[in-house]
Amino acid sequence: MYDAVVIGAGFGGLGAALELARAGAKVALCEALNYPGGCASTFSRQGFRFEAGATLFTGFAPGQLFERWIAREALEVPLDWLDPVVELRTGDFTLPVWRDRERVLAQLEAMPDAPKEGLRRFFALQRAVGDALWPVMDEPERLELASLPSLGWHALRSPRYLKVARWVGRPLGAVLEHCGLSRFTPLRALADALCQITVQCPAAEAEAPFALSAMEYCWRGAAHVRGGVGVLAQALTRAIAAHGGEVLLANRVKSVERRAGGGFVVHARRGSLEARRVVANVLPGVAQRWLGPVAGLPALDRAVQDGWGAVMRYLVVRGEGPAHHLELVDDLQAPFIEGNHAFASVSGEHDVGRAPDGCRTVTVSTHVPLAALRAPHDAKATVDAVQARLERTLQRRAPELLEREVRRLTASPRTFERFTGRPEGAVGGVPRRAGLHNYQGLFPSPVVDGFWLVGDSVFPGQSTLSTALGGVRVARRIAR
Ligand SMILES: Cc1cc2nc3c(=O)[nH]c(=O)nc-3n(C[C@H](O)[C@H](O)[C@H](O)COP(=O)(O)OP(=O)(O)OC[C@H]3O[C@@H](n4cnc5c(N)ncnc54)[C@H](O)[C@@H]3O)c2cc1C
């Protein structure tokens, strides 16, 4: 009998399994694919190694979660501290997002007709929100409010929270308006691009504290993992095993049975496992299928279904130089989805093992509404149209990639599902449109007694760091 079976080795499952094993629990981690990481994994095709989805990560600065894991578990995870972290390319301008926020501000201020005072107010607020919320994210215990020292720590920081409180339940669009920036296209485009890949909706709609906080990822511990993020995911599975956890790859869980007297039987491809508790790193719809009707899950499932699927392109290109990440926008007036906006990440000379010398691999992603893919005939036409639009965006904004292309692999959300284990190829994360509902589920609680959900559909949501943090929080609640 296991104390806990963790289903899925995405970053939520990895975080939960590592912390449970470290706390001395008897843990098994079942992963359907033969490699860990889910949306943040690295897979092999035809001798090349591609990052499946996620390509740029935060949490590596001193004191942040990944940095602490790497130090504590002596993980071999080489990093590149890229500068710029990302480059935004549009038809009208190019904006490198440097590691130094002031340098980004100075660049924006130097643009024609820049509302300088408004820009300074916006970035002061953005930094204030980052300073208020990121230290809480860096240390999962802080979110528990379970002890007097923790409550005292928050009480001392209350002036910082007051700066955030005014914007709770309001969209980032209102902040831009407040700062007189609604019509300043360069900042609006930067905010839209960063919001779409983090909080999964345009800036005008995004819950302001989430969006301002997500923008911070460029300036707080962002790094490129050499060899691909799979290096980090693999290192975490070794750490789990070193603490006595069992990591069972290529072991898809088919169903979970609740036992009358308490506990669960987890039916997996390679046999059944008995467990006191289950931590499921799956989408809410899958948990619902296993558990039957449970309060809360249908609403969460609908929120995911109202979100996005990933349309991908994986390229091999000739060329040398450092790794880099590009936010590409074709038409600034059109929505930043469906190929009009793409995130492209290019491996570098230090990414040993991803491509032979003189070649690099590229991961390109864009969003498509899941709703547009429901009818099978429409789905193919929709994905083809998105791929065509993506081609145009790449031709116009990153022609150097297509000119040097030696191989390509296009992927629909269905293909993405094969690479990541993500049902329907859902980008995941519930779009964080403005509203107080975003703060429901701030404190982890089981879906049913003994069954916990982790991953990017539950708080704090999207990104490798957030899901890992969510997994740690659930593990600590269980351990307590
Ligand atoms: C295209 C794209 C680009 C992104 N870019 C970034 C980025 O640059 N930086 C960033 O930080 N974040 C990025 N994200 C977000 C980030 O990747 C995700 O939020 C995060 O990785 C999701 O983690 P998760 O814990 O929800 O698990 P998932 O990644 O969903 O992993 C779940 C795991 O569970 C396994 N599984 C599922 N069902 C079963 C079953 N029945 N039995 C056993 N195993 C099962 C799957 O195979 C998978 O390995 C991106 C996401 C996408 C889609």
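Residue numbers (the numbering used here): 99 to 578.
Every residue, glycine too, gets a C-beta built ideally from N, C-alpha and C.
Treat the numbers as computed from the prediction; the structure is a model and nothing was measured.
Residues that residue i bridges to, as DSSP identifies them
i: residue 146; result: 143
i: residue 549; result: 376, 546
i: residue 370; result: 365
i: residue 168; result: Residue 168 is not bridged to any residue.
i: residue 407; result: 466, 524
i: residue 423; result: 443
i: residue 353; result: 365
i: residue 246; result: Paired residues: none, contrary to the question.
i: residue 305; result: 269
i: residue 321; result: 155
i: residue 435; result: DSSP, once it has assigned bridges, lists no residue as partnering residue 435.
i: residue 103; result: 126, 376
i: residue 476; result: Beta-bridge pairing links residue 476 to no other residue.
i: residue 513; result: Per DSSP, none; premise fails for residue 513.
i: residue 178; result: 322
Span separating the alpha-carbon of residue i from that of residue j
i: residue 61; j: residue 464; result: Outside the displayed range of the chain (99 to 578) lies residue 61, so it cannot be described from this structure.
i: residue 551; j: residue 439; result: 31 Å
i: residue 454; j: residue 237; result: 40 Å
i: residue 488; j: residue 437; result: 4 Å
i: residue 258; j: residue 159; result: 21 Å
i: residue 135; j: residue 185; result: 26 Å
i: residue 451; j: residue 173; result: 18 Å
i: residue 523; j: residue 534; result: 28 Å
i: residue 314; j: residue 296; result: 11 Å
i: residue 121; j: residue 217; result: 46 Å
i: residue 385; j: residue 377; result: 10 Å
i: residue 558; j: residue 267; result: 16 Å
i: residue 433; j: residue 252; result: 39 Å
i: residue 543; j: residue 400; result: 20 Å
i: residue 249; j: residue 243; result: 6 Å
i: residue 556; j: residue 539; result: 7 Å
i: residue 518; j: residue 129; result: 11 Å
i: residue 255; j: residue 561; result: 25 Å
i: residue 64; j: residue 484; result: There is no way to answer for residue 64, as the model of the chain reaches only from 99 to 578.
i: residue 547; j: residue 389; result: 11 Å
i: residue 302; j: residue 100; result: 47 Å
i: residue 316; j: residue 208; result: 21 Å
i: residue 427; j: residue 537; result: 31 Å
i: residue 490; j: residue 496; result: 10 Å
i: residue 580; j: residue 392; result: In the structure displayed, the chain extends from 99 to 578; residue 580 sits before or after that span and is not available.
i: residue 203; j: residue 320; result: 18 Å
i: residue 394; j: residue 123; result: 28 Å
i: residue 527; j: residue 494; result: 30 Å
i: residue 462; j: residue 358; result: 47 Å
i: residue 581; j: residue 397; result: Here the chain covers residues 99 to 578 and nothing more, so residue 581 does not appear.
i: residue 429; j: residue 353; result: 45 Å
i: residue 307; j: residue 273; result: 10 Å
i: residue 245; j: residue 576; result: 17 Å
i: residue 299; j: residue 532; result: 10 Å
i: residue 42; j: residue 291; result: The displayed coordinates of the chain run from 99 to 578. Any statement about residue 42 would go beyond what the structure contains.
Residues near residue i in its chain [Cβ-Cβ closer than 6 Å; skip 5 each side]
i: residue 231; result: 311
i: residue 581; result: Residue 581 falls outside the range modelled here, since the chain spans only 99 to 578, and no answer is possible.
i: residue 115; result: 104, 125, 127, 338, 343
i: residue 569; result: 110, 113, 114, 552
i: residue 573; result: 114, 117, 118
i: residue 506; result: 413
i: residue 383; result: 399
i: residue 180; result: 322
i: residue 199; result: 317
i: residue 345; result: 127, 335, 338, 339
i: residue 309; result: 270, 293, 297
Neighbourhood of residue i by C-beta distance below 7 Å, restricted to the same chain and skipping five residues each side
i: residue 234; result: 240, 241
i: residue 161; result: 236
Close Cβ partners of residue i (< 8 Å) along its chain, the five nearest in sequence each way excluded
i: residue 448; result: 176, 178, 324, 420, 421
i: residue 481; result: 409, 466, 471, 510, 511
ask   = Do the region 162 to 171 and the region 323 to 338 meet, that is, are 3 or more Cβ pairs less than 8 Å apart?
value = Yes, they touch.
ask   = Three or more beta-carbon pairs under 8 Å between the region 282 to 295 and the region 189 to 209, yes or no?
value = Counting Cβ pairs under 8 Å, three or more are found: they touch.
inquiry  = Does the contact criterion of 3 or more C-beta pairs under 8 Å hold for the region 211 to 224 versus the region 265 to 279?
reply    = yes
inquiry  = Measuring CB atoms only, is the region 367 to 377 touching the region 138 to 154, in the sense that at least three cross pairs come out at less than 8 Å?
reply    = no
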